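Protein chains in written order, with this note's numbering: chain A, 1 to 93; chain B, 1001 to 1218.
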């Protein structure tokens, strides 16, 4: 049985999916790739926008999400973030 | 009202050095907490940084108190707070306040309750008990030990749930910190608990540093 992901891991997975799509993605793709329910995805995207990790863009084809420099930095330093939070039990469940 | 620890004369100087080391290690953990907070924007990291900043400040004030001979004079008898210069009494209360607030913040982070009223209740109860006690040193050590006991339980449960070396190091470190703080309760009557406390805290902070460095090296 796979381990339940904590908040930091889910944020990592969403940002990774966006980066893998050249930094820009439609919400349907996030939903498909991140393995989250629609309401959970909306909640996380709201949090990511608030934290400045992604920006929401309104395009002709509909809503898209773009990863920011801060979001890329999170992905690059994720190893350190995970190890540190793991050490002190700050998983953000 | 008296506040004192009995300390052996030969230990004077070593204790100041060790307290500075504890302050530096706590400041290092706080620095990393804020660094990680800046990257991930998780409030828990900010709170951890705040907790260790307060603990670090408390450790930096402690040697100042020792330099002003609180411990030195105390080895010759209890120290009457009413007869001390105002700034020394103020430093003593700052040391107590920062240490307790640091531990309360750590406990709050481990409880994962996200309710500011719980935090303010915990903090005010802990501080009031010490400040208004007729034996502030005893109350301070008792409250600190109790808070450390709860933190140790949290890390113990984490270790038994997910056994790995780093979880063990943090758990063991907080168990030692708890025992070291509890031992200070006996320093009102004996000299050795003060030495045992410092030796224990040194081991605990080194273990926390080892765990942190191991994680950051990965």
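For each residue, glycine too, the CB sits at the ideal point set by N, CA and C. None of these values were measured; they are calculated from a predicted model.
For residue 57 of chain A, the enclosing beta strand (DSSP E) begins and ends at 54-59. Sixteen is the threshold: since fewer than 16 other Cβ atoms of the shown chains lie within 10 Å of the Cβ of residue 32 of chain A, the residue is exposed.
Distances from the alpha-carbon of residue 1120 of chain B to those of B:1193, B:1013 and B:1104 put B:1104 closest. Between the region 1177-1188 of chain B and the region 1117-1133 of chain B, the count of C-beta pairs closer than 8 Å stays below three; the two stretches do not touch. Boundaries of the beta strand (DSSP E) around residue 64 of chain A: 62-67.
Neighbours of residue 73 of chain A across chain B, judged by C-beta separation under 8 Å: 1039. With its beta carbon at least 8 Å from every one in chain A, residue 1181 of chain B lies outside the interface. Listed along the chain, the chain B residues whose CB falls inside 8 Å of the CB of residue 85 of chain A are 1036, 1040, 1042, 1044 and 1045. Judged by DSSP secondary structure, residue 21 of chain A falls outside any alpha helix (DSSP H); it is assigned neither H nor E. The region 66-83 of chain A and the region 1146-1163 of chain B do not touch, with fewer than 3 CB-CB distances between them shorter than 8 Å. In the DSSP assignment, residue 1046 of chain B falls within the alpha helix (DSSP H) that extends over 1043-1067. Bridge partners of residue 25 of chain A according to DSSP: A:65.
In the displayed model, residue 1116 of chain B falls within a helix according to three-state DSSP. Within chain A, no residue has its beta carbon less than 9 Å from that of residue 1102 of chain B; the closest one is some 14 Å off. The beta carbons of residue 1188 of chain B and residue 1138 of chain B sit closer together than 8 Å. The count of Cβ pairs closer than 8 Å, one atom from the region 1196-1204 of chain B and one from the region 1005-1020 of chain B, reaches three, so the stretches are in contact. The contact set of residue 1049 of chain B on chain A, defined by CB atoms closer than 8 Å, is empty, because the minimum CB distance reaches about 11 Å. Listed by position along chain A, the residues whose Cβ is nearer than 9 Å to that of residue 1023 of chain B form an empty set, because the closest Cβ is around 19 Å away. Counting other Cβ atoms within 10 Å of its Cβ, residue 20 of chain A stays below 16 and is therefore classed as exposed. In terms of Cβ geometry, residue 45 of chain A and residue 11 of chain A do not form a close pair [threshold 8 Å].
About 6 Å separates the beta carbon of residue 1030 of chain B from that of residue 1056 of chain B, a gap short enough to meet the 8 Å contact definition. Under the DSSP assignment, residue 85 of chain A falls in the alpha helix (DSSP H) whose first and last residues are 78-87.
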